[in-house]
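>
Numbering (the numbering used here), first residue to last: 79 to 290.
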C-alpha cells in the first residue's frame, strides 16, 4: 500500500468514527449517483486533444497551457477544494514527488473551481511548489466532461458540516469536478488519465510518474 493509500484509509477510518451514520449514507449515495451517471466513462479519453487553457494562479498570473507545453509534458490534476481531506492528501503526495516529476522535465499544475485567495491559503498551508489554478465557473472541467452539479441533498449536508461551496468558489453554482489526472504530451494529446467518480479513490502517483 502506498503512503497516499494509507492516508486515505486513515481519513475513511476517522470519518467513520466522527460523522453520524446518516451523513456517511449521504456521501455513499452521492458517490453511487455519480457512478450511475457514468460521468467518468463519458469524459475525455486517452488519445484525444486536451483543450488549451489560460487560467489564473495565486500570483494573479495567467498560466497558458501552450506555453507550458513548449517546455515539455504537463501533468494536470483536478481537485474539489481545500475543504476536501482527500484532495489535501493527494496534493501533499504530489508535492512529495515533485522533484521526480521535474527530473523528467514535466510541469505539474493543479486546477480547482475555488477562488484564487482560497488557493493561496492552500498553497501556503501545504507548502506547495507548483501552480494551483482557478477554473472559474468550471469552463475547462465542462470541456473535459468531468464537471457535475452537486445534488441539493449533498449541498445541505455540506452546509451542516460548515462547508459552503459558494464561499470557496465565489458563485452559487454548486459544481465540482470529479478527481481527474492527465498527462498531456507536447502536441496536446492525452497520453494518460486517471478519472474516478468516487472521490475517495486517488491516482497511484508512482504509476503516474512511470508513465512520463
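Glycine is no exception: its CB is placed at the ideal position from the N, C-alpha and C atoms.
1) May I ask you to report which of helix, strand or coil DSSP gives residue 152?
2) State the DSSP-derived secondary structure class of residue 133, mapped to helix, strand or coil.
3) Just grab the DSSP bridge partners of residue 279 for me.
4) Buried or exposed for residue 239, please, with buried defined as at least 16 other CB atoms from any protein chain shown within 10 angstroms of its CB.
5) Distance, Cα to Cα, residue 132 vs residue 205?
6) Let's test the definition: count the other Cβ atoms within 10 Å of the Cβ of residue 91 and tell me whether it reaches 16, buried, or not, exposed.
7) If you reduce the DSSP assignment to three classes, tell me which class residue 175 lands in.
8) Less than 7 Å between the C-beta atoms of residue 167 and residue 84, yes or no?
9) Is residue 254 near residue 134, with beta carbons less than 7 Å apart?
10) Would residue 160 be called buried (16 or more neighbouring beta carbons within 10 Å of its own) or exposed?
11) So, helix, strand or coil for residue 272, using DSSP?
12) Any contact between the region 268–286 and the region 188–204? By contact I mean 3 or more CB pairs, one from each, below 8 Å.
13) Check each candidate in 202, 189, 174 and name the one with the smallest Cα separation from residue 219.
14) What does the Cβ neighbour count give for residue 155, buried or exposed, with the cut at 16 atoms within 10 Å?
15) Could you have a look at residue 163 and say whether DSSP puts it in helix, strand or coil?
16) Identify the continuous alpha helix (DSSP H) that holds residue 227 and give its terminal residues.
17) Residue 283 and residue 163 - do their beta-carbons sit closer together than 7 Å?
Reading off the structure:
1) What you label residue 152 is simply residue 74 of the chain shown in a count that begins at 1. In the structure shown, residue 152 sits in a strand (DSSP, three-state: E or B).
2) By one-based count along the chain shown, residue 133 stands at place 55. Note: residue 133 maps to strand in three-state DSSP.
3) Taking the first residue of the chain shown as position 1, residue 279 is located at position 201. Paired residue(s): none; residue 279 is not in a bridge.
4) Counting from one through the chain shown, the residue named residue 239 turns up at place 161. It counts as exposed.
5) Here the question's residue 132 lines up with position 54 in the chain shown. Here the question's residue 205 lines up with position 127 in the chain shown. Rounded to the nearest angstrom, the two C-alpha atoms are 24 Å apart.
6) As a working mapping, residue 91 is identified with position 13 in the chain shown. With fewer than 16 Cβ atoms within 10 Å of its Cβ, residue 91 is classed as exposed.
7) Walking along the chain shown from the start, residue 175 turns up at place 97. In this structure, residue 175 counts as coil in the three-state DSSP scheme.
8) The residue given as residue 167 occupies position 89 in the chain shown. The residue given as residue 84 occupies position 6 in the chain shown. Taking 7 Å as the Cβ cut-off, residue 167 and residue 84 do not qualify as a contacting pair.
9) Along the chain shown, one-based indexing puts residue 254 at 176. Along the chain shown, one-based indexing puts residue 134 at 56. For residue 254 and residue 134, no; Cβs fall outside 7 Å.
10) The residue given as residue 160 occupies position 82 in the chain shown. Result: buried.
11) Residue mapping note: residue 272 aligns to position 194 of the chain shown, counting from 1. Of the three classes helix, strand and coil, the one that applies to residue 272 here is strand, per DSSP.
12) no
13) Taking the first residue of the chain shown as 1, we reach residue 219 at position 141. It is 189 whose Cα lies nearest to the Cα of residue 219.
14) In the chain shown, counting from the first residue as 1, residue 155 sits at position 77. It is buried - the Cβ of residue 155 has at least 16 other Cβ atoms within 10 Å.
15) For the purposes of this step, residue 163 is identified with residue 85 of the chain shown, where counting begins at 1. Of the three classes helix, strand and coil, the one that applies to residue 163 here is helix, per DSSP.
16) Position 149 of the chain shown, counting from 1, holds the residue named residue 227. Segment 225–227 is the beta strand (DSSP E) holding residue 227; no alpha helix (DSSP H) there.
17) One-based indexing of the chain shown puts residue 163 at position 85. One-based indexing of the chain shown puts residue 283 at position 205. No, the pair does not count as a contact, with Cβ atoms beyond the cut-off.
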